[in-house]
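Residue numbering for the sequence shown follows the UniProt record's numbering, starting at 207 and increasing by one per position.
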Amino acid sequence: EFVFDEVASFVETSSEMETEKEESRTVAERGKEDRKMLPIYAYRDELLKLVEENQVLVIVGETGSGKTTQIPQYLQEAGYTKRGKIGCTQPRRVAAMSVASRVAQELGVKLGHEVGYSIRFEDCTSEKTVIKYMTDGMLLRELLIEPKLDSYSVIIVDEAHERTVSTDILFGLVKDLAKFRPDLRLIISSATLEAKKFSEYFDSARIYMIPGRRYPVEKLFQKCPEPDRLETAVRTVFQIHQTEPLGDVLVFLTGQEEIETAETKLKERMNDLGSKSSEIIICPIYSNLPTELQAKVFDPAPKGSRKVVLATNIAETSLTIDGIRYVVDPGYCKINSYNPKTGMESLLETPISKASAEQRAGRSGRTGPGKCFRLYNVKDLEATTIPEVQRANLASVVLTLKSLGIDDVFNFDFMDHPPESSLLKALELLYALGALDGKGEITKLGERMVEFPVDPMLSKMIVGSEKYKCSAEIVTIAAMLSTGSSVFYRPSRNQQYLADNARMNFYTDKAGDHIALLRVYNSWKEMNYSSQWCYENYIQSKSMRRARDIREQLAGLLKKIGVELTSNADDLDAVKKAILAGFFPHAAKLQKDGSYRRVREPQMVYVHPSSGLFGESPKKWLVYHELVLTTKEYMRHITEMKPEWLVEIAPHYYKLKDIEETQPKKTQSRRSRSTRSPMAKVETNKKAKR
Ligand code: ADP
Ligand code: MG
């Protein structure tokens, strides 16, 4: 049962309400004159003038007003691309791809020619490219190669309100860069009113607000929120479908898993409804959705039918899908969380902020009056989300900063400072991995690790494989771990046991998930990369093709740092040791009660149900790839190892005592002090000198 939100119904009536509705047209029909329909068009000349006059400009505008797709085109029309590329960063890969493809379409050019995008493991640009969309993380990587970004005339840091770690680091770097590049133009673009904060940070930069169009949005909320969010969301979609006039529905879910479950549920219910069901078209959109399906979400629903978009946070501000009139908002999203004390990092499902709730609701009122169904009470929400830099593992960015020659990371010009403990933990990990020396300076090994666009532990594993002569195996494993989705296909219903049996074929010696992933890849390769083979073995061929792509790139980077691909396929111990070379901090030991404990930390961790070792007779010692927190801390991707390897591979980190059978408590605390890195001291000294 939904009731009106007493607090805020009809609050967002904009000053210039427009009543005439835009007819829905096909994407192909949307062309040049379509660009003129966007709210930003009226301010084109004013905007260009401001860019000319101000080196740094903060732009705020309603989502969907045309900031991301139009500003780079205006700048190109004004001649900026004669001096250099226009770079526009996005926090999300899908947004970078999708927006680039849209702009290429508007300009009538082939994607990857004049307009292109660059995301991790995928570079769709060429010599010709003058408008380049990219993830914020990719621009950080470009800075490593081109510290002054000489090939750019304008940098747009878009979606600045998202405040990802990479965006925050970019802020500091481009702010500094602007001093050395007076010709460079910087645009910070945001959907929300944090503008003042951005402006202050960029030395009182000029703020420009693009007036938006917004129609009133009726907000309804559930009197008694129900525990099963997903079920309620699905039911609400059907309630809308059966009682509300035509218009598309946008449902906000937390990730691929929820989206797939919701899709199945919706389809089941549609079947139960019979003929009426044809009127609903389900379109999922999330970051790992195959590219060819991503575009589908923008196709208008055929006449008489209703599109139901199942989206992650990506549809909150990054992507605008036209035609949405109803929003179903369960009020949750997934965020990174990191505990600097323990070094534990996990993805958490958390309630969204009030600011997000407003953004989400606003998505229904873009082209006409809308309705937002909230499955929670907005009063229970926090005002804003904490910037990611304050709740993330910073190892990767600290290494990047060190590689850029920024030695004193504590004194970096952060817009919001991360906790000191996070920075220290990052420095300590990098020291333990050998990427930094005792003085906190980047080592040769560290410089080699930076070449790889992956987390430091993974890059250490890759670089470390040289020593164990198994680089061919290790790049395969690294690639398989980086596909972003499981390679094992698990049908939702009665064929599950067949899929599980097929999967166990790769676990013949029960060595672990890393080794199984290696076997999957090698078997697929032996079958000439056949999709038929994938189908027969319940393997996702799309993930496999992505793994092959990634593998090729990682192998190329290895070559670049002078490491030949060598195979040591018969020596699994060598492969496991190479994994440990990067992941030794992720060692866990079996406890009497069947749980595991991290070797140098007191937390309990458990085998993830998705592991091929789950439910098998437990191994005494494991190394895990990552932790996922749901009901407990689960280790995902685990492999058996020998404890003596820990002291062999990381003698500076583990002492014999760590791997002995019984550990008297007292000595443990003394020991952990003595094996602590000198980082804390070095960095505190630096601070004292300041
Ligand atoms: P903003 O950045 O201000 O939020 P955008 O430039 O992203 O706005 O969006 C402007 C318009 O372009 C919207 O109407 C949106 O629907 C459309 N658009 C953006 N990307 C695509 C795409 N890939 N396919 C179709 N339409 C798109
Ligand atoms: Mg945008």
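Where a beta carbon is used, it is the ideal one built from N, C-alpha and C, also for glycine.
Reduced DSSP category for G314 - H, G, I as helix; E, B as strand; rest coil: Locating residue 314 in the sequence shown gives position 108, where the first residue counts as 1. In the structure shown, G314 sits in coil (DSSP, three-state: anything other than H, G, I, E or B).
What would DSSP say about V435, mapped onto helix, strand or coil? Your numbering for residue 435 matches position 229 in the sequence shown. It is Arg, not Val, that sits at residue 435 in the sequence shown. Residue state, collapsed to three classes: helix.
Pairwise C-alpha distance: V660 and R412: Within the sequence shown, residue 412 is the residue found at index 206, counting from 1. Within the sequence shown, residue 660 is the residue found at index 454, counting from 1. Roughly 36 Å between the two C-alpha positions.
Tell me which residues share the same chain as H720 and place their Cβ nearer than 7 Å to its Cβ, disregarding the 5 neighbours each side in the sequence. Position 514 of the sequence shown holds residue 720. Correct list, in chain order: I683, I785, H843 and T845.
Can you list, in chain order, every residue whose CB sits closer than 5 Å to a heavy atom of the ligand ADP? T269, G270, S271, G272, K273, T274, T275, S304, R308, F504, T526 and D528
Can S524 be considered in contact with the ligand MG, in the sense that its beta carbon sits closer than 7 Å to one or more heavy atoms? To locate residue 524, count along the sequence shown from 1; it is residue 318. For the ligand MG, at least one heavy atom lies less than 7 Å from the Cβ of S524.
For E259 and D251, I'd like the C-alpha separation in whole angstroms. Counting from 1 along the sequence shown, the entry for residue 259 is found at position 53. Counting from 1 along the sequence shown, the entry for residue 251 is found at position 45. When rounded, the distance between both Cα atoms is 12 Å.
According to the neighbour-count rule (16 or more other Cβ atoms, all chains shown, within 10 Å of its Cβ), is H858 buried or exposed? As a working note, residue 858 is residue 652 in the sequence shown. Exposed, since its Cβ has fewer than 16 Cβ neighbours within 10 Å.
For the beta strand (DSSP E) holding E258, just list the boundary residues, first then last. The residue labelled residue 258 in the question sits at position 52 within the sequence shown. Counting along the chain, E258 falls outside any beta strand (DSSP E), though it belongs to the alpha helix (DSSP H) covering R250 to E259.
Through-space distance from S747 to N477, alpha-carbon basis: Position 271 of the sequence shown, counted from the start, is the residue given in the question as residue 477. Position 541 of the sequence shown, counted from the start, is the residue given in the question as residue 747. Going by the C-alpha atoms only, they are around 28 Å apart.
Cα-Cα separation, D389 to I465: In the sequence shown, the residue the question calls residue 389 occupies position 183. In the sequence shown, the residue the question calls residue 465 occupies position 259. Spanning the two alpha carbons is a distance of roughly 45 Å.
Give the straight-line distance between the Cα atoms of I491 and D528, rounded to the nearest whole angstrom. On the sequence shown, residue 491 is found 285 positions in, with the first residue counted as 1. On the sequence shown, residue 528 is found 322 positions in, with the first residue counted as 1. Cα to Cα, I491 sits roughly 14 Å from D528.
Helix, strand or coil, according to DSSP, for K765 in the structure here? For the purposes of this step, residue 765 is identified with residue 559 of the sequence shown, where counting begins at 1. Three-state DSSP puts K765 in a helix.
According to DSSP, is K673 helix, strand or coil? In the sequence shown, residue 673 corresponds to position 467, counting from 1. Coil at K673, not helix or strand.
Applying the 10 Å Cβ sphere with the 16-neighbour rule, what's the burial state of Q276? By 1-based counting over the sequence shown, the position of residue 276 is 70. Per the 10 Å Cβ criterion, buried.
Alpha carbon to alpha carbon, how far is K645 from E365? Give it in angstroms, no decimals. In the sequence shown, residue 365 corresponds to position 159, counting from 1. In the sequence shown, residue 645 corresponds to position 439, counting from 1. Distance between the alpha carbons of E365 and K645: 37 Å.
Could you tell me if E850 is buried or exposed, where buried requires 16 or more neighbouring beta carbons within 10 angstroms of its beta carbon? Walking along the sequence shown from the start, residue 850 turns up at place 644. So E850 counts as exposed.
The ligand MG and E588: does the residue's C-beta get closer than 7 Å to at least one heavy atom of that ligand? Start at 1 with the first residue of the sequence shown, and residue 588 comes out as number 382. Checking the Cβ of E588 against the ligand MG gives no.
What do you reckon, is the C-beta of D364 under 7 Å from a heavy atom of the ligand MG? Position 158 of the sequence shown, counting from 1, holds the residue named residue 364. For the ligand MG, at least one heavy atom lies less than 7 Å from the Cβ of D364.
Neighbour-count burial assignment, Q500, 16 or more Cβ in a 10 Å radius: Position 294 of the sequence shown holds residue 500. Its Cβ being crowded by 16 or more others within 10 Å, Q500 is buried.
Pull up the distance between the alpha-carbon of M667 and that of Y830, whole angstroms please. Within the sequence shown, residue 667 is the residue found at index 461, counting from 1. Within the sequence shown, residue 830 is the residue found at index 624, counting from 1. In a straight line, the C-alpha of M667 is about 13 Å away from that of Y830.
Given P697, which residues of its chain have a CB within under 7 Å of its CB, disregarding the five upstream and five downstream residues? In the sequence shown, residue 697 corresponds to position 491, counting from 1. Closer than 7 Å at Cβ, skipping near neighbours: A705.
Start and end of the beta strand (DSSP E) containing R842? In the sequence shown, the residue the question calls residue 842 occupies position 636. Start and end: E839 to E846.
Between which residues of its own chain and G272 is the CB-CB distance below 6 Å, once the five residues before and five after are set aside? Your numbering for residue 272 matches position 66 in the sequence shown. For G272, where only same-chain residues beyond five positions count, the Cβ hits under 6 Å are L244 and I246.
Within 10 Å of its beta-carbon, does M415 have 16 or more other beta-carbons around it, so buried, or fewer, so exposed? Counting from one through the sequence shown, the residue named residue 415 turns up at place 209. With fewer than 16 Cβ atoms within 10 Å of its Cβ, M415 is classed as exposed.
By the DSSP assignment, the beta strand (DSSP E) with F427 in it spans what residues? Here residue 427 corresponds to residue number 221 of the sequence shown, with the count starting at 1. It spans V423 to Q428 - the beta strand (DSSP E) in which F427 sits, taken as one unbroken run.
For a test of the three-state rule: what should DSSP assign to S359, helix, strand or coil? For the purposes of this step, residue 359 is taken as the residue at position 153 of the sequence shown. Strand.
Since V805 contacts Y860 with CB under 8 Å, what's their CB separation in whole angstroms? If you number the sequence shown from 1, residue 805 lands on position 599. If you number the sequence shown from 1, residue 860 lands on position 654. At roughly 7 Å, the Cβ-Cβ gap stays under 8 Å, so V805 and Y860 are in contact.
How many whole angstroms separate the CB atoms of S543 and S552, which I take to be in contact at a CB cut-off of 8 Å? To locate residue 543, count along the sequence shown from 1; it is residue 337. To locate residue 552, count along the sequence shown from 1; it is residue 346. Right, their Cβ atoms sit about 6 Å apart.
Can we say the region 353-365 touches the region 275-294, given the rule of at least three CB pairs closer than 8 Å? yes
Can you tell me whether E822 is buried or exposed? The criterion is at least 16 other CB atoms within 10 Å of its CB, across all chains shown. As a position in the sequence shown, residue 822 is number 616, starting the count at 1. Burial call: exposed.
Give the single residue among V595, R725, Y538 and M655 whose Cα lies nearest to the Cα of V584. Here residue 584 is taken as the residue at index 378 of the sequence shown, counted from 1. Considering only alpha carbons, the answer is Y538.
Let's test the definition: count the other Cβ atoms within 10 Å of the Cβ of T370 and tell me whether it reaches 16, buried, or not, exposed. On the sequence shown, position 164 is the one that residue 370 refers to. Classification of T370: buried, given that the 10 Å Cβ count is 16 or more.
Going by DSSP, what residues sit across from V264 in a beta bridge? By one-based count along the sequence shown, residue 264 stands at place 58. Note: V264 sits in a beta bridge opposite I394 and I413.
Can you list, in chain order, the residues of its chain whose CB lies under 6 Å from that of F789, leaving out five sequence neighbours each side? Residue numbering aside, residue 789 sits at position 583 when the sequence shown is read from its first letter. Taken in chain order, the residues that qualify are M663 and V829.
Could you name each continuous alpha helix (DSSP H) segment of 4 residues or more that falls completely within the region 493-520, going from the start of the chain to the end? 497-500
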